[in-house]
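Here it is in structure tokens:
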């Protein structure tokens, strides 16, 4: 719910969603901005590796993506967290959706728009 609240309060031409725990490298933000300036409306940051995660965490993440992508009509990109740039049009589209309990990874994929993944 915090992400949705932040998106509703945002005012810029683009919004960057980043976790507060600093696990996402802010030094990649210039790459995100370059992709956005180049025409991407959503820039997804893909994990380069899951090193440091337990075997169980890696296996459960893999099983999750296999299952959700088998059941869903809209594919959810693997290994993409919440670290992303959203164009104002994407933010506005997300804010117009009526869902109260949001699965944001699914909504990011579902709203469409030109997306680029950066690893």
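In the UniProt record's numbering, the protein residues as written are 1 to 119.
Every residue gets a Cβ at the ideal spot worked out from N, C-alpha and C, and that includes glycine.
Identity of the residues DSSP links to residue i by a beta bridge
| i | result |
| --- | --- |
| residue 118 | 45 |
Three-state class that DSSP yields for residue i in the structure shown
| i | result |
| --- | --- |
| residue 108 | helix |
| residue 99 | coil |
Cβ shell of residue i (< 6 Å), same chain only, five flanking positions each side left out
| i | result |
| --- | --- |
| residue 83 | 18, 24, 45 |
| residue 13 | 88 |
| residue 79 | 46, 47 |
| residue 40 | 114, 116 |
Supposed contact pair residue j and residue i - C-beta distance, whole angstroms, cut 8 Å
| i | j | result |
| --- | --- | --- |
| residue 85 | residue 32 | 4 Å |
| residue 64 | residue 90 | In fact, because the Cβ distance is near 24 Å, the residues do not count as touching under 8 Å. |
| residue 102 | residue 81 | Incorrect: roughly 15 Å between the Cβ atoms, too far for contact. |
| residue 16 | residue 37 | In fact, because the Cβ distance is near 14 Å, the residues do not count as touching under 8 Å. |
| residue 76 | residue 106 | 6 Å |
Own chain residues within Cβ distance below 7 Å of residue i, not counting five before or after
| i | result |
| --- | --- |
| residue 26 | 18 |
| residue 110 | 74 |
| residue 95 | 7, 8 |
| residue 93 | 111 |
| residue 10 | 91 |
| residue 69 | 75, 76 |
Cβ-based neighbour list, residue i, same chain, cut-off 8 Å, excluding 5 preceding and 5 following
| i | result |
| --- | --- |
| residue 42 | 84, 85, 86, 87, 90, 108, 113, 114, 115, 116 |
| residue 118 | 28, 31, 32, 35, 43, 44, 45, 46 |
Chain B within 8 Å of residue i, Cβ atoms only
| i | result |
| --- | --- |
| residue 92 | You won't find chain B in this structure, because it holds only one protein chain. |
Enumerate, from N- to C-terminal direction, the unbroken beta strand (DSSP E) stretches of 3 or more residues contained entirely within the UniProt domain "Glycosyltransferase 2-like" (2-93). 14-17, 42-46, 80-87
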